[in-house]
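Novice: Counting from 0, one number per residue, gives the positions in the sequence shown under numbering that gives the first Met the number 0.
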Amino acid sequence: MSKGHFISVVLPIFNEEDAIPQLLQRLRDVLQRLPGKFEIIAVDDGSRDGSLELLQKAKENFSQLAIVQLARNYGQTAALAAGIDHAQGDIVITMDADLQHDPGDIERFIEVLDEGYDVVSGWREVRTDSYASRRLPSLIANFFMRWMSGIPIRDFGSTFKGYKAQLLKEIDLFGELHRFIPVLAHRLGARMKEIPITVHPREKGSSKYGLGRIFGVFEDLVFLEFYSNHLTKPIRGFGRLFILFFAIGFFISLCLMVIWCLGIIDRVLDHGAMLLFSVFLMIVGVQFLVTGILAELLSRIYLQTGNRKIYSVREVHKAEA
Ligand code: UDP
Ligand code: MG
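(1) Just the Cα atoms here: how many angstroms apart are residue 141 and residue 183?
(2) DSSP three-state label for residue 149, please.
(3) With burial defined as no fewer than 16 other Cβ atoms inside 10 Å of the residue's Cβ, what is the status of residue 310: buried or exposed?
(4) Drop a sphere of 10 angstroms on the beta-carbon of residue 0, count the other beta-carbons inside from all chains shown, and report buried for 16 or more, exposed for fewer.
(5) If you measure from the beta carbon of residue 74 to each beta carbon in chain D, is any gap under 7 Å?
(6) Taking a contact to mean a Cβ-Cβ separation below 7 Å, would you say residue 280 touches residue 222 in this structure?
(7) Any chance the region 16 to 30 sits against the region 52 to 70, with 3 or more Cβ pairs inside 8 Å?
(8) Note down the Cα distance separating residue 249 from residue 283, rounded to an integer number of angstroms.
(9) So, helix, strand or coil for residue 0, using DSSP?
(10) Can you check whether the CB of residue 277 is closer than 7 Å to the CB of residue 251?
(11) Going by beta carbon distance, what residues of the same chain come within less than 8 Å of residue 285, once the five residues before and after it are set aside?
(12) For residue 87, which residues in the same chain have their Cβ closer than 8 Å to its Cβ, ignoring the five residues on either side in sequence?
(13) Could you work out which residue in 71, 68, 102 is closest to residue 32 when comparing CA atoms only?
(14) Keeping to the same chain, check which residues put their C-beta closer than 8 Å to that of residue 124; ignore five residues upstream and five downstream.
(15) Looking at residue 24 and the ligand MG, is the gap between the Cβ and the nearest heavy atom below 6 Å?
(16) What does the alpha-carbon distance come out to for the pair residue 305 and residue 253?
(17) On the CB-based measure, 16 or more other CB atoms within 10 Å of its CB, does residue 161 come out buried or exposed?
(18) If you scan the region 77 to 114 from start to end, which runs of the beta strand (DSSP E) of 3 or more residues do you find wholly inside it?
(19) Could you check whether the region 121 to 137 touches the region 59 to 67, counting it as contact only if at least three pairs of C-beta atoms, one from each stretch, sit closer than 8 Å?
(20) Which two residues bound the contiguous alpha helix (DSSP H) that contains residue 246?
(21) Can you list, in chain order, the residues of its chain with a C-beta nearer than 6 Å to that of residue 49? Leave out the 5 residues immediately preceding and following it.
(22) My understanding is that residue 9 touches residue 83, with C-beta atoms under 8 Å, so please give their C-beta distance in whole angstroms.
(23) Restricting to Cα atoms, I'd like to know which of 202, 60, 28, 239 is closest to residue 287.
(24) Looking at C-alpha atoms only, which residue of 185, 266, 169, 180 is the closest neighbour of residue 149?
See the structure below:
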């Protein structure tokens, strides 16, 4: 391994009092053996059990532990984002705080980053959770994400990941988007690698999610397709839909007119359904156009706020003065 890094481990925590003592102990053991510095950023996501008190107590004799206390429960993505914002290291590791992820894997994550990758993602090769409510939905979601994003990753949902901090800080996390970090990273030109990890069955506490999250994932998927492929020029996609719908509608109307002029039919209104259909297509087409113009305006405002850029730089070699 190289000279050593400053490693920031980010832990989103919502009611994990049963897991915290053991987790911190394991993390400390693992991180102390690595060269360089480390910090652990525990983000208390509005826990209602003793998690916060436990963390505060642990901090008394654990100088590398930082606590970020969120004002209420915002969800895992927000907790991750808060932790990432506070991370000072050049490498950021995110992992679940429920002991399902094994701190022992961190060393391999760092080796992969040292090989030159920007993102290393844990792949849950063997999964122990329920097939119907967890694995099957996840198989389907992963299939769609691979297909829509074109990124050959097997497991988008895994939150055990390692990043070069420089890249990670450029990613905007919003909504439930932590599952899509690979997609957002890909947009920034990140080099990614997936490695198998061991995932332990949850022994302490309980999962914070139910079946409800499946719907959220599919909505995010639709949004992400837009965000990663059309953000800088939305009018193009919508414009094409406009042309397609309007052209078909117009063509049908035109045909009706022509056969009426030629005297093949007596009254256009006898073919009311056709007429209605063609007008409907044209109206839908115009709606796409209007939506496209709005999206175009919105994306320009979006890209102008903050310091969002339409590109991402890996490195700059300055000219010598
Ligand atoms: N978590 C959080 N806020 C929430 C829900 C979950 O910070 O609103 C944390 C939780 O404490 C854990 C991680 O996110 O560290 C993953 O949650 P969980 O284990 O419930 O998800 P699962 O493993 O069932 O996908
Ligand atoms: Mg879990």
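Beta carbons: idealized from backbone N, C-alpha and C, even for Gly.
Specialist: So, to answer that:
(1) If you number the sequence shown from 1, residue 141 lands on position 142. If you number the sequence shown from 1, residue 183 lands on position 184. The straight-line gap from Cα to Cα measures roughly 15 Å.
(2) Here residue 149 corresponds to residue number 150 of the sequence shown, with the count starting at 1. Of the three classes helix, strand and coil, the one that applies to residue 149 here is coil, per DSSP.
(3) As a first step, residue 310 is located in the sequence shown; it is residue number 311 there, counting from the start. In summary, residue 310 is exposed, with fewer than 16 beta-carbon neighbours lying within 10 Å of its beta-carbon over all protein chains present.
(4) Numbered from 1 along the sequence shown, position 1 holds the residue referred to as residue 0. Because residue 0 carries a pLDDT of 49, less than 50, the predicted location of this residue cannot be relied on, and no value is offered for it.
(5) Looking for chain D here will not work: only one protein chain is present.
(6) Along the sequence shown, one-based indexing puts residue 280 at 281. Along the sequence shown, one-based indexing puts residue 222 at 223. Cβ atoms of residue 280 and residue 222: not closer than 7 Å.
(7) Below 8 Å, enough C-beta pairs join the region 16 to 30 and the region 52 to 70 to call them touching: three or more.
(8) The sequence position of residue 249 within the sequence shown is 250, counting from 1. The sequence position of residue 283 within the sequence shown is 284, counting from 1. Straight through space, the alpha carbons of residue 283 and residue 249 are spaced by roughly 12 Å.
(9) In the sequence shown, the residue the question calls residue 0 occupies position 1. Residue placement at residue 0 is flagged as unreliable, the pLDDT there being 49, under the threshold of 50; the coordinate-derived value follows with that caveat. DSSP places residue 0 in coil when its eight states are reduced to three.
(10) As a first step, residue 251 must be located in the sequence shown, where it is residue number 252. As a first step, residue 277 must be located in the sequence shown, where it is residue number 278. The criterion of a C-beta distance shorter than 7 Å is satisfied by residue 251 and residue 277.
(11) Here residue 285 refers to the residue found at position 286 when the sequence shown is read from its first residue. 241, 245.
(12) For the purposes of this step, residue 87 is taken as residue 88 along the sequence shown, with counting starting at 1. The residues are 5, 7, 38.
(13) Residue numbering aside, residue 32 sits at position 33 when the sequence shown is read from its first letter. From the listed residues 71, 68, 102, the smallest Cα separation to residue 32 is found for 102.
(14) Indexing the sequence shown from 1 puts residue 124 at position 125. Non-local beta-carbon contacts of residue 124 in its own chain, meaning distances under 8 Å to residues more than five positions away in sequence, involve 195, 196 in chain order.
(15) As a first step, residue 24 must be located in the sequence shown, where it is residue number 25. Residue 24 Cβ: outside cutoff for every heavy atom of the ligand MG.
(16) In the sequence shown, counting from the first residue as 1, residue 305 sits at position 306. In the sequence shown, counting from the first residue as 1, residue 253 sits at position 254. Their Cα atoms are separated by approximately 49 Å.
(17) If you number the sequence shown from 1, residue 161 lands on position 162. Looking at its Cβ environment, which holds 16 or more other Cβ atoms inside 10 Å, residue 161 is buried.
(18) Counting only runs of 3 or more, we get 90 to 93.
(19) Cβ pair count under 8 Å is below three, so no.
(20) Within the sequence shown, numbered from 1, the residue matching residue 246 stands at position 247. It spans 233 to 260 - the alpha helix (DSSP H) in which residue 246 sits, taken as one unbroken run.
(21) Within the sequence shown, numbered from 1, the residue matching residue 49 stands at position 50. Excluding positions up to five away in sequence, the list reads 16.
(22) The residue labelled residue 9 in the question sits at position 10 within the sequence shown. The residue labelled residue 83 in the question sits at position 84 within the sequence shown. Their Cβ separation, rounded to whole angstroms, is 6 Å, which keeps residue 9 and residue 83 in contact under 8 Å.
(23) Your numbering for residue 287 matches position 288 in the sequence shown. Ranking the options by Cα distance to residue 287, first place goes to 239.
(24) As a first step, residue 149 is located in the sequence shown; it is residue number 150 there, counting from the start. Here the closest residue by C-alpha is 185.
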